[in-house]
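One line per chain: the protein sequences are A and B, in this order.
First residue of the first sequence? That's 1219 in my numbering, and the numbers climb one at a time after it.
First residue of the second sequence? That's 687 in my numbering, and the numbers climb one at a time after it.
Note that beta-carbon positions come from the ideal geometry of N, C-alpha and C, so glycine has one too.
Every value quoted in this text rests on a predicted model; they were computed, and no experiment measured them.
Before any comments, here is the structure.
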Amino acid sequence: MTGPNKAEAFTLRRRPAFEKLIDNGFRQSTILMAAMVAFVLLAIFATVFLGAREAIGTFGLKFLTTSAWDPVNERYGAFTAIYGTLVSSLLALLLAVPLGIGTAIFITEDLLPSRLRDLIGMMVELLAAIPSVVLGLWAIFVMEPAIRPALGFLHNTLGWLPFFSTVPQGPGMAPAILILVVMILPIITAISRDALNQVPIELRQGAYGIGTTRWGAIFNIILPAAISAITGGVMLALGRAMGETMAVTMIIGNALNFNLSLLAPGNTISSMLANQFGEADGIQVSALMYAALILMLLTFAVNILAQWVVRRLSLRY
Amino acid sequence: MAIPLANAAPESVSGFKRGTLFFKPNLPRNRFNVLFNSIAGVFATTAVLPLFLVLAYVLFKGGSLLRPDLFTQLPPAPGLSGGGIGNAILGTLLVTLLASLIAIPVGVGGGIYLAEYSRKGWFAQFVRFGNDVLAGVPSIISGVFVYGAIVATRIFFNQSYSALAGGIALAVLMLPTVIKTTDEGLRLVSNDLRLGAYGVGASRFVTITRITLPAALTPIATGMVLAIARAAGETAPLIFTALFSPFWPEGVFNPIATMSVLIFNFAIMPYDAQNQLAWAASFVLVIMILLANLLARRLAARTKT
């Protein structure tokens, strides 16, 4: 009877202590690395908040509503930059949403051979890979001179509106909005495309079966079914647009005083940070940190809202 | 009852007489259809147009400036012409390497935790949520954070601006992407592989390092390549962390030139020579990033088959 003994010899082999140590140590170290995410996030909040504390104490909430930016007399208000951030990103979104969703429909429906559709999709994705600073360079030397006549025409015909009341002279809010459109288009297109592709084929077939046209099906069936994911993508794009720095900094003109006109130079929180942080000292650093804190809270709120919208609007089909 | 053949159409369909059913292009619904087809086409063209324009300008304007000096010389002083971007190319490589050395091990570790160890507890949920929030943090904020935590406190041997600070700022941006791609890549690995490994007596550590990680290598590598390419083009976190330097790199504890900051600095200078160098640097940077993206596509295509 050697069988059971033999089996025992195998089953009773315990793991060596060293192996257990490695196994456990590896597990602990992955936990530690996962905790780094939380640590970095909290450290970012803490650093920016502590840096901003002095300015929060000095300027309080008036910081949000005044537009003085005066390093000589140490009076700071971020209204111009906050207004610029919100206006540039919202107007860019207004232009990019129809363009992005239209493109996504164009490359998910069978309007073109599938090879051509994939090519367009790939090109939009490559557009997302081009660094923002290169787009900024292009905007300064190519786009802005090219669109200036069109902006001048806007000023000449609609100049009585406060939004077009200044003569376009190079950098300004309008070119910044256009370059933002270029930057957020790929996000909206990519997410809308995925969302449209995930709409069950039965819904489409059902719609065609009862005799609707292509666009009848798109507007009444397909878009409503995909709306939650598309809205989520649009919100993500809004967050991206608000935080976008380089291209906007290079083309917006970085004006310190407030101007309602879209053709005049403006400012955003991120471009203000990019321009002034390196040379600031004293309470100006703190004021910039305060502005950075506002930017963080804005993007944070938008991203949370995006997640909530996706959960809230998702249709059950 | 005889079943009518497919081509033997009935006398009438839904009350319409045979021969009266045909496509009427002038019906409002069909006009609407054509209208929206063309609108979608115009929109798609408009969306692709900037890519063509940007690429054309960068390739022609930057490509025409390509000469050997570009890679071996330092940028000229303002007002002078000639020179190159050798230090910035080296600097971009160095800073991106530093960022990858920090973000990839930490990110892969975090991803392994999320995919292989985490349960539905509060910690894993918090990490996932935090990762999404971190992915949404604007890139300039990462620069502000590193400025406040590292540059202003002079934590590294009393040095303020440094290549390492820039690398850390980029690593903060890369981290969420690396974690997410590792997590998703590992989740794609069939559970049978894990159970099989446990069945032959492998420990968790051995299962992960020998079985699941190699199985998920391609999707993870794709994500890494994309994250590195994105980091190489980032500018905002570097302007006040790595700063800029007109000299060759002097180690990781000193300010360093990078291509992206060079483009930013030289684009807004009123000198033609500097503007030209900005275009040349854009060319080099865009070629690098596009190659990385094509590599990632090749990797991703390998995963699907």
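Within 10 angstroms of the beta-carbon of Trp934(B) lie fewer than 16 other beta-carbons, which makes it exposed. By the Cβ neighbour-count rule, Arg916(B) is buried, with 16 or more other Cβ atoms within 10 Å of its own. The residue from Gly1302(A), Thr1467(A), Phe1297(A) with its alpha-carbon nearest to that of Ala1357(A) is Thr1467(A). Counting C-beta atoms within 10 angstroms of its own C-beta, Thr839(B) has fewer than 16 neighbours from the protein chains shown and is therefore classed as exposed. Of the residues Leu1398(A), Ile1409(A), Phe1263(A), the one whose Cα lies closest to the Cα of Thr1303(A) is Leu1398(A).
Around the beta-carbon of Val837(B), 16 or more other beta-carbon atoms lie within 10 Å, marking it buried.
When only Cα atoms are considered, Gly1429(A) and Phe709(B) end up about 12 angstroms apart. When DSSP states are grouped into helix, strand and coil, Tyr1294(A) belongs to the strand group. Counting only unbroken stretches of 3 or more residues, no beta strand (DSSP E) element lies wholly within the region 762-844 of chain B. A Cβ-Cβ distance of about 4 angstroms is found for the pair Phe1476(A) and Ser1285(A), placing them in contact under the 8 angstroms criterion. For Ala1505(A), not one C-beta of chain B is nearer than 9 angstroms to its own C-beta. Apart from the 5 residues on each side of it in sequence, Ala857(B) sits with its Cβ closer than 6 angstroms to the Cβ of Ala785, Ile788, Ala789 in its chain, given in chain order. As DSSP reads the structure, Trp1287(A) sits in a beta bridge with Tyr1294(A). Judged by DSSP in its simplified three-state form, Lys703(B) adopts strand. Contact between the region 1387-1406 of chain A and the region 1339-1355 of chain A is established, with three or more Cβ pairs separated by less than 8 angstroms. For the region 704-718 of chain B, residues whose beta-carbon sits nearer than 8 angstroms to a beta-carbon of chain A comprise Arg715, Asn716, Phe718. Our two residues, Ala1299(A) and Leu1516(A), have alpha carbons roughly 13 angstroms apart in a direct line. Gly793(B) is a Cβ neighbour of Thr868(B), given a cutoff of 9 angstroms. If you compare the alpha carbons of Asp1499(A), Asn1521(A), Met1490(A) with that of Gly1295(A), the shortest gap goes to Met1490(A). Per DSSP, reduced to three states, the secondary structure at Phe709(B) is coil, with no helix or strand assignment. Boundaries cannot be given for Lys747(B), as no alpha helix (DSSP H) includes it and DSSP labels it neither H nor E.
Straight across, the Cα-Cα distance linking Met1341(A) with Arg1333(A) is about 12 angstroms. Spanning the alpha carbons of Lys1238(A) and Val813(B) requires a straight line of approximately 26 angstroms. Neighbours of Thr732(B) in chain A, taken as residues at a C-beta separation under 7 angstroms, are given in chain order as Leu1317. By the neighbour-count definition (other C-beta atoms within 10 Å, threshold 16), Gly885(B) is an exposed residue. Between Leu924(B) and Gly852(B) a beta carbon distance of about 5 angstroms is seen, short of the 8 angstroms cut, so the two are scored as contacting. Interface annotation, Ala810(B): in contact with chain A, CB-CB separation under 9 angstroms. Residue nearest to Ile1512(A) within the set Gly1461(A), Val1527(A), Gly1339(A) is Gly1461(A) (criterion: CA-CA distance). Less than 9 angstroms divides the Cβ of Leu948(B) from the Cβ of Leu963(B).
Put simply, the CB of Asp1336(A) is far from chain B, with every gap to its CB atoms at 9 angstroms or more.
When DSSP states are grouped into helix, strand and coil, Val875(B) belongs to the coil group. Here Phe1263(A) is not near Ile1274(A), since their CB atoms are 9 angstroms or more apart.
Below the 7 angstroms Cβ cutoff, chain A contributes no neighbours of Asn773(B), its closest Cβ being approximately 17 angstroms away.
At a cut-off of 9 angstroms, the C-beta of Phe831(B) has a neighbouring C-beta in chain A.
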